[in-house]
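Chemist:
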Amino acid sequence: AESLYERQLHSLEPVELPWARTPTADHVARHERTALDVPDGLAVDAVVGAWATLLSRLVGKDRFHLAVSDAVWAGALGATAGLFARSAPVEISIDPTESLAGAVSGVADRLAAARGRLPFAQELIARHPDLTRNPDLAAGRLLPVAVRFGEGDTADEVVAELVEGATGWSVVLDTGLVDAADGALLVSCLKAVLEELASDPTRPVGHVDLLGTELRHRILEDWNATDRPVPATTVHQLIEATADTSPDVTA
143 AESLYERQLH
153 SLEPVELPWA
163 RTPTADHVAR
173 HERTALDVPD
183 GLAVDAVVGA
193 WATLLSRLVG
203 KDRFHLAVSD
213 AVWAGALGAT
223 AGLFARSAPV
233 EISIDPTESL
243 AGAVSGVADR
253 LAAARGRLPF
263 AQELIARHPD
273 LTRNPDLAAG
283 RLLPVAVRFG
293 EGDTADEVVA
303 ELVEGATGWS
313 VVLDTGLVDA
323 ADGALLVSCL
333 KAVLEELASD
343 PTRPVGHVDL
353 LGTELRHRIL
363 EDWNATDRPV
373 PATTVHQLIE
383 ATADTSPDVT
393 A
């Protein structure tokens, strides 16, 4: 089982935000948290499923991995926590033709199985020489998008993280790599998916409206408000007026 899992760790598929910048060698993470309003009645699995659905739609991937950490389990380790990796990868598979409810159920099953073997995965990553030395391993820089259960610090390599904390859900973003406007758009899209999940869980993943009513109105109406006053005159009159004011300018 260990050798099989080791091979899986070497073949991880990351998911990256399409508008996030690539960190430089001297990049220092600057994480900021934004509270996430979750509709009443949605369980933990539903919120994580909505996060996975949004990521799948944004990057166009049906299969990818997320870094997952659990503060409760990490706290139980006490002084030995430093011997373990901070997170472990979880494989996510989203079929765009299945319903939102089906996608959430699939994510929930994978998440439950992964959290059950989280200690093994974190211990394996931390002690295995090849995995420890692999700079592209998902437990390091390869998985820039994560899910964290419980309070704690976001890992430096994480660009975006969904967090279930003591006061509710939030999204943590590295503002050095994600502009404020893009971060706000990400949170807005996640809220739209959550609202869709709460109102119509039978809707296919590929048909989910990522914008929501407010953002869609802003893009289609507010940003498209290009009406300008037009003078009540003809084209040839405009040409004549220009010739009168600038007779020496080449036409």
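For reference, each letter of the sequence shown is one residue, going 143 to 393 in our numbering. For glycine and all other residues, C-beta sits at the position ideal for the given N, C-alpha and C. Quantities reported herein were computed from a predicted structural model and do not represent experimental measurements.
Residue range of the beta strand (DSSP E) that A334 falls in?
Modeler: Not the beta strand (DSSP E): A334 falls in the alpha helix (DSSP H), residues 322 to 341.
Chemist: Who are the near neighbours of L178 in its chain, counting only those whose CB is closer than 6 Å to its CB and skipping five residues on each side?
Modeler: Only W311, S312, V313 meet the Cβ criterion.
Chemist: Have a look at E299, I361, S247 and flag the residue whose alpha-carbon is nearest the alpha-carbon of L184.
Modeler: Checked all of E299, I361, S247; the closest Cα to L184 is S247.
Chemist: Looking only at its own chain, which residues have a Cβ that is under 7 Å from the Cβ of E293, when we skip the five neighbours before and after it?
Modeler: So the qualifying residues of the chain are A213, G307, A308.
Chemist: In the DSSP assignment, the beta strand (DSSP E) including H359 goes from what residue to what residue?
Modeler: Element bounds for H359: not the beta strand (DSSP E) but the alpha helix (DSSP H), 354 to 359.
Chemist: Going by CA-CA distance only, name the one from A188, T375, T166 that's closest to V289.
Modeler: Nearest of A188, T375, T166 to V289, Cα basis: A188.
Chemist: If you reduce the DSSP assignment to three classes, tell me which class A192 lands in.
Modeler: Looking at A192 - three-state DSSP - the assignment turns out to be helix.
Chemist: Under the rule that 16 or more other beta-carbon atoms within 10 Å means buried, what is W365, buried or exposed?
Modeler: So W365 ends up on the exposed side.
Chemist: Just to confirm, is the Cβ distance from L242 to V335 under 9 Å?
Modeler: A contact, by the Cβ cut-off of 9 Å.
Chemist: Entirely within the segment 159 to 215 and at least 4 residues each: give me those alpha helix (DSSP H) ranges in chain order.
Modeler: You should have 186 to 201.
Chemist: So, with DSSP's three-state summary, where would you put G318?
Modeler: G318 falls in the coil class under three-state DSSP.
Chemist: With distances taken between CB atoms, is the gap from E233 to R205 smaller than 9 Å?
Modeler: In this structure, R205 lies closer than 9 Å to E233 by Cβ.
Chemist: Anyone know if the C-beta pair for G325 and P165 falls short of 9 Å?
Modeler: The answer is no: Cβ separation not under 9 Å.
Chemist: Please work out which residues of its chain come closer than 6 Å, Cβ to Cβ, to T344, disregarding the five sequence neighbours upstream and downstream, and give them in chain order.
Modeler: Cβ within range, chain order: S241.
Chemist: Report all residues from its chain with a CB closer than 6 Å to the CB of S198; omit the five preceding and five following residues, and keep chain order.
Modeler: Closer than 6 Å at the Cβ level, and outside the excluded window around S198, lie I236.
Chemist: What residues in its chain sit with their C-beta under 8 Å from that of D342, if we drop five residues either side in the sequence?
Modeler: Only L242 meet the Cβ criterion.
Chemist: Considering only C-alpha positions, which residue in the set G244, V320, D369, D351 is nearest to H169?
Modeler: The candidate whose alpha carbon is nearest that of H169 is V320.
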